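J.:
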Amino acid sequence: MALLQIAEPGQSSAPHEHRIAIGIDLGTTHSLVATVLSGKAKVLNDEQGRVLLPSIVHYAQNSTEYGDAAKPFTTTDPKNTIVSIKRFMGRSKADIKFQHPYTLVGEDHQMPAFETAQGRKTPVEISAEILKQLKDRAEASLNNPINGAVITVPAYFDEAQRQATRDAAQLAGLNVLRLLNEPTAAAVAYGLDQDTNLENDRNYVIYDLGGGTFDVSILRFSQGVFEVLATGGHTALGGDDLDRLIVKWAKKQLNIETLDDAEYAHFIVAARKAKEALSDNEATDLKVLDQHLSLDRATFENIIKVALDKTINVCNRVLRDAKLDLSDIQNVVLVGGSTRSYAVQQAVREVFKQEPLCTINPDEVVAIGASITANQLIGNSQDGSLLLDVTPLSLGLETMGGLVERLISRNTAIPVARRQEFTTYQDGQTAMLIHVVQGERDLVEHCRSLGRFVLHGIPPMTAGQARIEVTFQVDADGLLSVAAKETTSGVNAHIDIKPSYGLADDDMQRLLLDGYKFAEEDKNLRHLQETKVEAKRELEALEQALKVDSALLSSVQLTDLNHAKEQLEQQLTTSDIKAIETAVEQLKIHSDAFAAARMNQHIDQALKGTKLDDWSNSN
Ligand code: ADP
Ligand code: MG
860 MALLQIAEPG QSSAPHEHRI AIGIDLGTTH SLVATVLSGK AKVLNDEQGR
910 VLLPSIVHYA QNSTEYGDAA KPFTTTDPKN TIVSIKRFMG RSKADIKFQH
960 PYTLVGEDHQ MPAFETAQGR KTPVEISAEI LKQLKDRAEA SLNNPINGAV
1010 ITVPAYFDEA QRQATRDAAQ LAGLNVLRLL NEPTAAAVAY GLDQDTNLEN
1060 DRNYVIYDLG GGTFDVSILR FSQGVFEVLA TGGHTALGGD DLDRLIVKWA
1110 KKQLNIETLD DAEYAHFIVA ARKAKEALSD NEATDLKVLD QHLSLDRATF
1160 ENIIKVALDK TINVCNRVLR DAKLDLSDIQ NVVLVGGSTR SYAVQQAVRE
1210 VFKQEPLCTI NPDEVVAIGA SITANQLIGN SQDGSLLLDV TPLSLGLETM
1260 GGLVERLISR NTAIPVARRQ EFTTYQDGQT AMLIHVVQGE RDLVEHCRSL
1310 GRFVLHGIPP MTAGQARIEV TFQVDADGLL SVAAKETTSG VNAHIDIKPS
1360 YGLADDDMQR LLLDGYKFAE EDKNLRHLQE TKVEAKRELE ALEQALKVDS
1410 ALLSSVQLTD LNHAKEQLEQ QLTTSDIKAI ETAVEQLKIH SDAFAAARMN
1460 QHIDQALKGT KLDDWSNSN
């Protein structure tokens, strides 16, 4: 072992001090921690030599068990044994629609708490306990306090889920250097950002099939900078689903109609064992209820085809999103325990027509990449490459008529800031409601509301004169802040978006898919709403003008004008865009004459009020 160096008291050279940074993969099924030692990334094991910590916490009355020690309680004490806590992160009670054995308490729209033998525990607290285990493990194994950590999250995580993860890390006493998307971390682990050939852009696909989630991302390495071009996935598709498909097959083979809970749990365990055995063997035995079923690779491939086809569809969609062909992809990286399956590797090989990278253990690759990024961020590495991630959904705000104005579109590289000017709708308007939304649709009601705030103190002006500058800023962790400022007076207001709940799996999928499905319908709805807003604005301006100058019109003209006005008002209660447009044109015929009369009067008045002196003075 090398001798440790000790500096003269007070002489320790701070700039060269090695600071300890760790990377944590906080997984649905497993979590683990890695660090860079002497320039090499390394996963850290516990005292028993285990690297993977099952993401399980068991709360007994007087003690708490974690990981492997907590595992047996999933069957003996399921209510107090929390598994897959990641699925609950950043979700409101109402969002949680999947099955689970727990008693959740709290308001529908708030973060729920689990009722346990040790009282109420929130998802943030439970995740913090897992993170604390890994932090303790790292401190014990490195014999030093930890200066900072990078925690990975799925690319699909929305603001609320990221915020919950950050809160959990802080609660565990970790200094969070950054939240990093899992696929991005995997690319870093393979050194795909270290390519020295700066001539050509390179594109990489990261295929991550874990226990409960599927993520696919396309990364571009260009001019020494790394950017995530596109992401997609399923928040409820993973190795667990493969296990369930095997159980379904086994039931059919054995002519079993129903299984009780205990039997089902037993089948699942057996299925998982068989599945994992098939990664190293051509065939295996599935042992259930004292019966043996023989399962070979070809049969397994058939059984899980439905699940694999889903992942392939997502891959193709993401390629389209990134506007790339297969020939543009230099490498494909496999991530997640499920990519150990031969059938999964074969499917990926076939879709991308190349041999995927899988030399780094697929369970460890994310933590390894996170530790390399952590090492860079804490300042131990001279490497200056910059990692960019993307926003998973578009961000925008509500404008008149319930329409969405998109400021940042989905798949935009972050960190990013976008600014746009808006104006007032009414004369003398002194306040403006800024309503921030997320989603791909054109109408606010079809998107997800993230938050709202009011900009007060706008100086009274004619409608359309005020200049309100709205800035959207998404930081490197994907957290959003929105600011609004009236430029003449300088009054301003802002919010950080920290929603108390996140999106349900289905909602995330729905928001994305609806964006494609309803594109045409949205275009029509947007046109209708815009026409309506414009017509209402005309009506309001006309109303104001009539108050002042109605005397300029003959009684016949006034009747005609009022009639046209009523016609339009009535059409505005319908959704008949043709009829509205016709009514607007009709009104225009009468209101144009009125406008001309007003103009003449103003010119007359102006001329009357002008003395000859004024003319000579101004010349
Ligand atoms: P997560 O990121 O969701 O925590 P992991 O990447 O740890 O998940 O993957 C867990 C999944 O990998 C489980 O479904 C497990 O059955 C599967 N898995 C682990 N080892 C193997 C193997 N040798 N062959 C096939 N699947 C495996
Ligand atoms: Mg994972």
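Going by the numbering used here, the first residue of the sequence shown is number 860, and it counts up by one from there. All C-beta atoms in this analysis are idealised placements derived from N, C-alpha and C, irrespective of residue type, glycine included. These figures come from a predicted structure and were not determined experimentally.
Using a 10 Å radius around the Cβ and a threshold of 16 neighbouring Cβ atoms, would you call Glu906 buried or exposed?
T.: Classification for Glu906: exposed.
J.: So, helix, strand or coil for Pro1358, using DSSP?
T.: Note that Pro1358 scores a pLDDT of 42, beneath 50, so its modelled location is shaky; the value from the coordinates is reported in the next line. Pro1358: coil per DSSP, three-state reduction.
J.: Given this structure, state the Cα-to-Cα distance separating Ala1492 from Leu1039, to the nearest angstrom.
T.: The question about residue 1492 has no answer, for the chain in this structure spans 860 to 1478.
J.: Between Arg1037 and Leu1236, which are expected to be in contact by the criterion C-beta below 8 Å, what is the C-beta distance as a whole number of angstroms?
T.: With a beta-carbon spacing of about 6 Å, Arg1037 and Leu1236 fall inside the 8 Å limit used to define contacts.
J.: State buried or exposed for Leu1266, treating a residue as buried only when at least 16 other CB atoms are found within 10 Å of its CB.
T.: buried
J.: How big is the Cα-Cα spacing for Tyr1123 and Ser890?
T.: 26 Å
J.: Shorter than 8 Å from the beta carbon of Leu1405 to some beta carbon of chain C?
T.: Protein chains in the displayed structure number just one, and chain C is not present.
J.: Would you tell me roughly how many angstroms separate the C-alpha atoms of Glu924 and Leu911, rounded to the nearest one?
T.: 15 Å
J.: For Ala1028, which option in Ala1045, Gln992, Ala1048, Ser1000 has the closest C-alpha, if you only look at C-alpha atoms?
T.: Gln992
J.: Could you check if Thr887 is buried or exposed, using at least 16 other CB atoms within 10 Å of its CB as the buried criterion?
T.: buried
J.: Taking the C-alpha atoms as reference points, what is the distance between Leu1178 and Gly1337?
T.: 23 Å
J.: Just the residues with CB closer than 6 Å to a heavy atom of the ligand ADP, in chain order, which are they?
T.: Gly886, Thr887, Thr888, His889, Gly1069, Gly1070, Gly1071, Thr1072, Gly1097, Gly1098, Asp1099, Arg1131, Lys1134, Glu1135, Ser1138, Gly1195, Gly1196, Ser1197, Arg1199, Ser1200, Asp1222
J.: Can you tell which of His1315, Gln1430, Asp1419, Arg1457 has the C-alpha that lies nearest to the C-alpha of Gln1403?
T.: Looking at the Cα atoms, Arg1457 is the closest of the given residues.
J.: So, under 8 Å CB-CB, Gly926 and Pro913 are touching, yes? Tell me the CB distance rounded to an integer number of Å.
T.: 5 Å
J.: Tell me whether the segment 1065–1084 and the segment 1116–1131 touch, counting them as touching only if at least three CB pairs, one residue from each stretch, are closer than 8 Å.
T.: no
J.: Assign Ala1233 to one of two classes, buried (16 or more other C-beta atoms within 10 Å of its C-beta) or exposed (fewer than that).
T.: buried
J.: Between Val1192 and the ligand MG, is there a pair consisting of the residue's CB and a ligand heavy atom that are separated by less than 7 Å?
T.: no
J.: I think Val1333 touches Ile1354, with their Cβ atoms under 8 Å apart; what is that distance to the nearest whole Å?
T.: With a Cβ gap of about 14 Å, Val1333 and Ile1354 do not count as contacting.
J.: So the candidates are Asn1034, Val1012, Asp1060; which of them puts its Cα closest to the Cα of Thr1043?
T.: Val1012
J.: Just the C-alpha distance for Glu1399 and Leu1252, rounded to the nearest angstrom, thanks.
T.: 36 Å
J.: For the candidate residues Lys1146, Thr933, Val942, Phe973, whose alpha-carbon lies nearest to that of Val964?
T.: Closest by alpha carbon: Phe973.
J.: Give the secondary structure of Glu924 by DSSP, where H, G and I count as helix, E and B as strand, and everything else as coil.
T.: strand
J.: Using 10 angstroms around the beta-carbon of Glu1209, count the other beta-carbons present and answer buried if the total reaches 16, otherwise exposed.
T.: exposed
J.: Please work out which residues of its chain come closer than 6 Å, Cβ to Cβ, to Asn904, disregarding the five sequence neighbours upstream and downstream, and give them in chain order.
T.: Answer for Asn904: Val910, listed in chain order.
J.: Our contact map puts Leu1137 next to Phe1159 with C-beta atoms below 8 Å; I'd like the distance itself, whole angstroms only.
T.: 5 Å
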